[in-house]
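Residue numbers (my numbering), protein chains in the order written: chain V, 1 to 502; chain W, 503 to 627; chain Y, 628 to 1074. Even glycine gets a Cβ: it sits at the ideal position worked out from N, Cα and C. To keep things clear, I will list the structure first and then write my remarks on it.
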Amino acid sequence: MVDTITGNQALQIEQPLIFEQDEPGRTAVDLPAPTIQEDRLGGLRRKTKVGLAGLSEPQVVRHYTRLSQKNYGIDSVFYPLGSCTMKHNPRLNEKMARLPGFGDIHPFQPESTVQGALELMDTLAHWLKELTGMPAVALSPAAGAHGELCGLMAIRAALEARGDARKVVLVPESAHGTNPATAAACGYEVESIPGDGNGRVSLAGLKDKLGPHVAAFMVTNPNTCGLFEGEIIEISKAVHDAGALVYMDGANYNAIMGRVKVAELGIDAMHINLHKTFSTPHGGGGPGAGPTVLSDALAPFAPLPFVVHGPDGFRMIEHARDAAEGQQPFGRMKGFHGQFGVFVRALSYMMSMGKDGLAKASGDAVLNANYLQARLKGSLSASYEGPVMHEALFDDRFLKDTGVSTLDFAKAMIDEGFHPMTMYFPLVVHGALLMEPTETESKQTLDAFCDTLLALAAKAKAGNADWFKAAPRHTPRGRLDEAQAARKPVLRWTPPAQVAAE
Amino acid sequence: MSTMYYTEDHEWLSVEGKTAIVGITDYAQQQLGDVVFVELPDEGKELAQGGEAAVVESVKAASEVYAPVSGTVTAVNADLEGTPALVNEDATGAGWFFALTLSDPSELDNLMDAAAYEAFVAGLE
Amino acid sequence: MRYLPLTDDDRRAMLETIGADSVDALFRDVPRAAWNTAAPNLPDHLGEIEVERALSVMARKNLDCGAAPCFLGAGAYRHHTPAALDYLIQRGEFLTAYTPYQPEVSQGTLQTLFEFQTQVALITGMDVANASMYDAATACAEAGAMAARITKRKRILVSGSVHPHYASVTATQLQHTGLDVEVLPPDPLAMEDLLGRVDEDLACLIVQTPGFFGHLRDVSKLADALHELGALLVVAVAEPLSLGLITPPGEMGADIVVAEGQSMATPPSFGGPGVGLFATRSKYLRQMPGRLCGETVDVEGRRGYVLTLSTREQHIRREKATSNICTNSGLIALAFSIHMTLLGEAGFTRLAEINHARAVDLAGRLGQLEGVKVLPAAFFNEFAVTLPKPAAEVVEALAARGILGGVPVSRFHPTYPELAEVMLVAATEMNTDADVDALVAALKEIL
């Protein structure tokens, strides 16, 4: 219980909505009065107020500063979210993205005036192709799920081009929800492939379901259990033998970058999350970028636009008619040219790390995850035998009969100064706890984390369920009523007069 | 007099003549947690046994409710729109989902009675 | 390596705890055939100095809009970024936070999303908005899919006023969903007959105002006609600042509004990342794609915010989700929101007036040039002009003189010879009288 008059707790300040701080006429910008002349609005001048709140600059800065202080971020705490790759976000990337020659260029300037931008895109593409060994890359997808759509659309285009349109996409039962959602968005039916009991895809189960109606197999590798699909080459061969194509979800590429030549795995498409593997910031939910590397089978169908390098410099191909012979782009996925600001940040990171650094990073990422696994498995229930890749999966067997759930355990971690790991995903184990430390954490941090988890596990087993249920206690808000939020959705502030009228 | 039937997907069916009322069991609502929304079929919709009839949503999950028997939907529980919590509070009464006219009463032979359902649930735990 | 905290001593100690001989040994599941035996053709690591040097060289090969009079629009607009805005979005607690799945430690992000959703609803005149999409083009595609779900119809009609990228992305994204997307030809004179093309097969009509060629349009009659047929009206907005001065789509009967938030959130950045705004009526709430932030209370009864109605989304509904979107455009949405807060009612409306006044002045001066005709009678801060020469050549000639004078429409519609002489010109508060003088003088020489 908070015992202050204001409800504030020293550095944690209760902050109302901007609309509750509104004063008419107030503003944080000084703009000159517009020169009055006849407008050319065709009688469509707005007659109603917009309703935006008016604050001065000091108030705005204070508002957002206080709100920021209620957030955990990588800058402040260890954030072991599985499959999210919460690695350090270097500020050099931000500085480079803000160079006027990158930040202040318009997408439709004449090409001769943006050769440096096209060169940057081409260079990024080169890095992605060299790292993965794949011959082509589509840069335009805006996020991982968008990259999945790119890969599946290319697959569909390729199959239709050879007159063999098929109807079904196979997806492992452990897959992230974006996989089946994307397959459905591409007009496919989805069928699930079982695991082999050891956290991996069952090759026999897959072969069972392959047939002339199957267009593709979507596989995450390393998979959502943190394990490498060791039979991936046999998997790809089986899929190709059945006339289908392989999509690899590259969300976990951080485990293998610089070490594994993805092209040798026999895959046809893989998206890469620049905002995971290549350190561009998560920003509270984006923006990201999901460039998708493509095999020779799919390269001809890559979407518009793309950069080509000719004798006169770089060009942006924006129409199918301007593409090289044999290119049959399946369409355009995004406005303008892709997430350019994210490209700059990613390239800045790649250049900083170099091929030697990227290989070292994936090694440290895997080492850190195995270290967590080794230190915790005695007390928490590891779902699979190691070694693991860049993330370690546990389940709630260790909490059996304690009255403490995975959720309760996670909320207690918050009070200890850690962001919880991913909970309840993947769905293939009960009460999953998926931990991905990344390579940018020190051994000291990992030890502090493990010491804390071991102590929490002991506390749970000692019968302190109520203590866990009341967590978190030290955050600006305690547990929030999600049922109420869903039953009676309030998704915006409404002026009081309007509420009274309703 | 109405007869109660149950399915392995935890739906209950209260049958009187050729009319039936369908809902989910108390066990089901406990498993789901707080119900926040129920998506009901349109009146007049034709349902096939085992086909998707409705969707019940909690905060973290959305579960299909399947048609226990084939028939045509004659009424839906309008109260669930404003008060989805009725499913938690009174799953077998005020939390009913929809009513339908049976097209093939012989399908009832495949369903469980109260005792069989109780035994089924006991086996799950 | 400055981003890697582990020392060799650490690695040794950790391997011992794990019981492995080497880091390589941990990769035993990886088939030998896939090991990177041939090192990729890439350079080794660089320090900050070298990275800055190399990227600065690349950046200097570009002519930035601050170094030349710039009149470019066509869906991306250059406005002033207040210093406070750029500072606030770089606060580590915003920049480096994840999606707010643990609401107790994400109230900062969540409250700003709630404020953002409110601002988007206010400027568009709609009931509710989501927490962002990737951009307007993909938001447009999602709006079409949403209209199809609501009406249970399959036909989507895209007006010739709509940005060609929005139209193209909508057609691409929906091509395998069983929906039929018809894109009407470009409409430089705002003469297309939309009322004559709507019928009971239609799920929705997508219209843009201000249109791609600049025209302002009152869509109220269209909205009425569509509603009578049981169809929906989707309105796209490429320049959200326009909503500070013209009647918003929500007051003209729109059912869904999509917009590109870039102009009010970030510098042009070569087109990305931007932010897709998405707003609709309350009754369609459950069909809306994307994340939603909602108000609730915590265990102590204090007001707080959470992501809600998640059962529409991919991580729960999987193949039945309203969309496959996961990561969206959080930080850019925050930037948009902070900018709206800095401007406030007074600033937003005044900035819109200034932009329109600039454009009216520019239109007046360009219209006086021989052979140059301004096409729209009513516009906001951008309008199409016809020139006496192909616009692409004129634009190159202007660039050679250090002026970014406009965007040739042929860049978007290369197969329409009648559009070869049409150019889009935008003016914002960033343009000075000297800029306009320079453009006019250059055009006099070139044309």
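Which one of the options has the shortest CA to CA distance from residue i?
i	options	result
W514(W)	D536(W), L602(W), D606(W), L626(W)	L602(W)
G285(V)	V884(Y), L934(Y), I965(Y), G787(Y)	L934(Y)
A587(W)	D208(V), V490(V), A486(V)	A486(V)
W127(V)	V344(V), R321(V), G144(V)	V344(V)
Q835(Y)	A711(Y), G991(Y), H792(Y), T804(Y)	H792(Y)
V1021(Y)	G787(Y), E972(Y), E1048(Y)	E1048(Y)
F449(V)	R492(V), N368(V), G463(V)	N368(V)
P80(V)	V262(V), G177(V), Q373(V)	Q373(V)
G841(Y)	A1011(Y), K781(Y), V861(Y)	A1011(Y)
V504(V)	T65(V), A33(V), I155(V)	Absent from the model: residue 504(V). The displayed extent of chain V is 1 to 502, so no value can be given.
C697(Y)	L737(Y), L996(Y), L1025(Y)	L1025(Y)
D581(W)	A617(W), S516(W), M503(W), E541(W)	E541(W)
H512(W)	P570(W), T574(W), G584(W)	P570(W)
S383(V)	D364(V), S352(V), A346(V), V429(V)	V429(V)
Give the interface partners of residue i over in chain Y, defined as CB-CB distance under 9 Å, in chain order.
i	result
K562(W)	S937, T938, I943
E173(V)	The contacting residues do not exist; E173(V) stays about 11 Å from chain Y at best.
V61(V)	A711, Y714, L715
Name the chain V residues that come within less than 8 Å of residue i, Cβ to Cβ?
i	result
L970(Y)	T27, A28, V29, L52
E980(Y)	P34
Say whether chain V places a C-beta atom closer than 8 Å to the C-beta of residue i.
i	result
G994(Y)	no
A763(Y)	yes
D536(W)	yes
F840(Y)	no
P607(W)	no
V657(Y)	yes
A587(W)	yes
M818(Y)	no
T778(Y)	no
Quick one: does residue i have its CB under 8 Å from some CB of chain Y?
i	result
E513(W)	no
E467(W)	There is simply no residue 467(W) to check, as chain W begins at 503 and stops at 627 in what is shown.
H319(V)	yes
E559(W)	yes
W493(V)	yes
D75(V)	yes
Since residue i meets chain Y, which of its residues come closer than 7 Å, beta carbon to beta carbon?
i	result
E545(W)	By Cβ distance, chain Y contributes nothing, its closest Cβ being about 16 Å from E545(W), past 7 Å.
D364(V)	L631, L633
8 Å is my cut-off, CB to CB: does residue i come that close to chain B?
i	result
R487(V)	The chain inventory of the structure shown lacks chain B, comprising the protein chains V, W and Y.
List the residues of chain Y whose Cβ lies closer than 8 Å to the Cβ of residue i, in chain order.
i	result
E119(V)	M685, K688
Quick check: is the beta carbon of residue i nearer than 8 Å to any beta carbon in chain W?
i	result
E191(V)	no
Given that residue i touches chain V, what residues does it touch there, using C-beta distances under 9 Å?
i	result
F539(W)	A486, R487
H706(Y)	Result: empty, since nearest Cβ-Cβ is about 11 Å, beyond 9 Å.
Give the residues of chain W in contact with residue i, contact being defined as C-beta atoms less than 7 Å apart.
i	result
A483(V)	D536, V538, V561
So residue i contacts chain V; which residues on that side make the cut at Cβ distance below 7 Å?
i	result
I570(Y)	The requested residue 570(Y) is not part of the displayed model; chain Y covers only 628 to 1074.
S956(Y)	G286, P287
E878(Y)	T48
Say the cut is 7 Å; is the CB of residue i nearer than that to a heavy atom of the ligand NAD?
i	result
F228(V)	Absent from the structure shown: the ligand NAD. Ligands present: none.
Residues, ordered as in the chain, of the segment 403-419 of chain V that lie near chain Y by beta-carbon distance below 9 Å = A410, K411, I414, H419
Spell out a yes or no on whether the segment 330-341 of chain V and the segment 893-904 of chain Y are touching, meaning 3 or more CB-CB pairs, one atom from each, closer than 8 Å.
-> yes
Given 8 Å, three or more beta-carbon pairs between the segment 991-1007 of chain Y and the segment 77-93 of chain V = no
Touching by the beta-carbon criterion (3+ pairs, under 8 Å), the segment 862-882 of chain Y and the segment 747-754 of chain Y | yes
Should the segment 48-65 of chain V be called in touch with the segment 17-30 of chain V, which here means at least 3 C-beta pairs below 8 Å?
-> yes
Could you tell me whether the segment 435-444 of chain V touches the segment 491-498 of chain V, using the rule of 3 or more Cβ pairs below 8 Å?
-> no
The segment 905-919 of chain Y: which residues have C-beta closer than 8 Å to a C-beta of chain V, in chain order?
-> L912, R918, L919
Using a beta-carbon distance cut-off of less than 8 Å, what residues from the segment 886-903 of chain Y approach chain V?
-> E887, T893, P894, P895, S896, F897, G898, G899, P900, G901, V902
With 7 Å as the C-beta to C-beta threshold (strictly closer), list the residues of the segment 358-392 of chain V near chain Y in chain order.
-> K360, A361, G363, D364, V366, L367, N370, Y371, A374, R375, P387
At least 3 beta-carbon pairs within less than 8 Å: the segment 198-211 of chain V vs the segment 235-255 of chain V | yes
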